Structures are given as structure tokens and as C-alpha cells.
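All the letters of the sequence shown, read from the start, carry residue numbers -19 to -1, 1 to 195 under mature numbering (1 follows the signal peptide of the UniProt record, and there is no 0).
The structure appears below as C-alpha cells.
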Amino acid sequence: MKKNILLLALTGFIGAAQAQVGINTETPRTTLHVNASSTAAGTAEGIMAPTLSRAQLITKDVQYGINQRGAFIYITAIDGTATAKTSKVTVIGYYYFDGSLWQPFDYTPETLYLPSFNLPMTAVANNVTYDLYNQVYKKQFTKAGNTTWVSSNASLTQIPEVYAANQLDFVVTYYDASVITINSISAAGVLNYNVLNVNPTDKSFINIVLVIKK
């Protein structure tokens, strides 16, 4: 009889534990409620998600399916070659698994405008190429290789974070169609264009926006 009572008591305890879990608190206020273990200044507090690089996450690809929907992690480095499940893992930060893909938290596309540059137009020609990423974006946003870089902060070597080409979408929003025709832009940021006129006016310009992938 005592064994039966003990078994019933344990069953009731497990059921209550599954319904409401508290950590460092005697009175949980939600299903999972966590109190600070200490209010002392010398103790760090907070909940940390598992931290992985993208390459480390990729090695676990097969482990994630519909039953892992809702899992979340913090990506510390963008390394390795993205798979279908990690195709949206393009920047450091928090991600959650939706059952088929790792999705970034609070996705809001950010944009950058390329600084001023002269597009080569030395002769009328078709399929001229120009590397927007290396010749414009990377060159002007980093100190390395830029002999005209001058800063009030001697330790500043880039503005503000330099993204890899595969972390950006390159978008031409306007160009003077009387002097050039834009054919395409590769994923690496290489512009392909035709030169129609080598004498642009002072009103001729091209507008290029970079969209930061999330």
C-alpha cells in the first residue's frame, strides 16, 4: 500500500513539474520562469542560447526536422558552405528553426549605398565588367589598400562592418540609359554593362544599393 501511495505521489510530482518549471524561484509565474541566481555586481546573469559557428551547425543538419521546430541558437561565425537548411544563416546572431529552415530573429533588411566612384567607360563596347564589391565597396570601406584613408581614430580600419560578397544583394535602382546599358550583376558583385557613349553629361549617374542579407 505504501508503495502505491509513493508511486502516486511521484506521478503527481512529475505531472506538476512538466506543467510548470521554475529555476531559482520558489513560485514560478510562467511555464518557464527564471530568477537571477544573485543580485551581486560580480555575477553575470542571463540566458544564453547554444553557440555554434555556421560550419558546426551544418554538421548537425540531419538532426533537425519538424520535431525540432522552435529550437534557437546563436551563430558566432559565418563559415562553411551553406546548405538548404542554413541558406539564411548569413550573419552572426540569433536564429530559430521553423521545421525546415534556420530563420533569423527580427529580420529587417538593411541597406547601404555605394560611395562615389567612376565607372570605366573608355570606349564603346559590349559586356564590359567591373567588380563593384572589390573595386568600390571593399576598397573604399576598408583601410587596407586605400592610400587616401584618413581618420580621426587611428585604430579604425573599416566602416562599420565589412560584409562578404555573398552577404549582400547588389541592386541598380537607376542609371543613365543614354550612356550605358546594364546587363546583369553577379552574386559576387561584378557588374556587366554595355558602353553606348563615352561622353556622359554632368547629369549622368548610376545609383546602386546594397541589401544586407539576413
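For each residue, glycine too, the CB sits at the ideal point set by N, CA and C.
All figures in this text were calculated on a predicted structure; none of them were measured in a lab.
Worksheet entry | Own chain, CB closer than 6 angstroms to valine 153, minus 5 neighbours either side, in chain order | Your numbering for residue 153 matches position 172 in the sequence shown. Ile163 and Ile189.
Item to complete: Determine the burial state of leucine 137: buried for a count of at least 16 other Cβ atoms within 10 Å of its Cβ, exposed for fewer.
Response: To locate residue 137, count along the sequence shown from 1; it is residue 156. Flag for leucine 137 reads exposed.
Worksheet item: Nearest-angstrom Cα distance between proline 96 and serine 185?
Response: As a working note, residue 96 is residue 115 in the sequence shown. As a working note, residue 185 is residue 204 in the sequence shown. About 16 angstroms.
Worksheet item: Which whole-angstrom value describes the C-beta separation of tyrosine 75 and tyrosine 55, a residue pair presumed to lie in contact below a C-beta threshold of 8 angstroms?
Response: Locating residue 75 in the sequence shown gives position 94, counting from the first residue. Locating residue 55 in the sequence shown gives position 74, counting from the first residue. Yes, tyrosine 75 and tyrosine 55 are in contact; Cβ-Cβ is about 5 angstroms, under 8 angstroms.
Fill in: CA-to-CA distance, valine 105 to asparagine 175, given in whole angstroms
As a first step, residue 175 is located in the sequence shown; it is residue number 194 there, counting from the start. As a first step, residue 105 is located in the sequence shown; it is residue number 124 there, counting from the start. Going by the C-alpha atoms only, they are around 8 angstroms apart.
Practice prompt. Measure the CB-CB distance between alanine 146 and tyrosine 114 and report whether it falls below 8 angstroms.
Written response: Start at 1 with the first residue of the sequence shown, and residue 146 comes out as number 165. Start at 1 with the first residue of the sequence shown, and residue 114 comes out as number 133. Against a cut-off of 8 angstroms, the Cβ pair of tyrosine 114 and alanine 146 comes out as a contact.
Worksheet item: Would you say the region 60 to 67 touches the region 79 to 87, given that touching needs at least three Cβ pairs under 8 angstroms?
Response: yes
Fill in: Beta-carbon contacts of aspartate 183 that lie in its chain and below 6 angstroms, excluding the five residues immediately before and after
Along the sequence shown, read from residue 1 onward, the residue named residue 183 stands at position 202. Hits under 6 angstroms: none found.
Worksheet item: If you follow the alpha helix (DSSP H) that leucine 137 is part of, which residue opens it and which one closes it?
Response: Looking up residue 137 in the sequence shown gives position 156. Note, leucine 137: premise wrong, no alpha helix (DSSP H); not H, not E.
Worksheet item: Given a threshold of 16 other Cβ atoms within 10 Å of its Cβ, counted over all protein chains shown, does methionine 29 qualify as buried or as exposed?
Response: What you label residue 29 is simply residue 48 of the sequence shown in a count that begins at 1. By the 10 Å Cβ count, methionine 29 comes out exposed.
Worksheet entry | Minimum C-alpha distance to arginine 35 - residue among Gly27, Val72, Met102 and Gln44 | Along the sequence shown, read from residue 1 onward, the residue named residue 35 stands at position 54. Selected option, being the one with the closest Cα: Val72.
Worksheet entry | Unbroken stretches of the beta strand (DSSP E), 3 residues or longer, contained in the region 8 to 65 | 13 to 15 and 53 to 56
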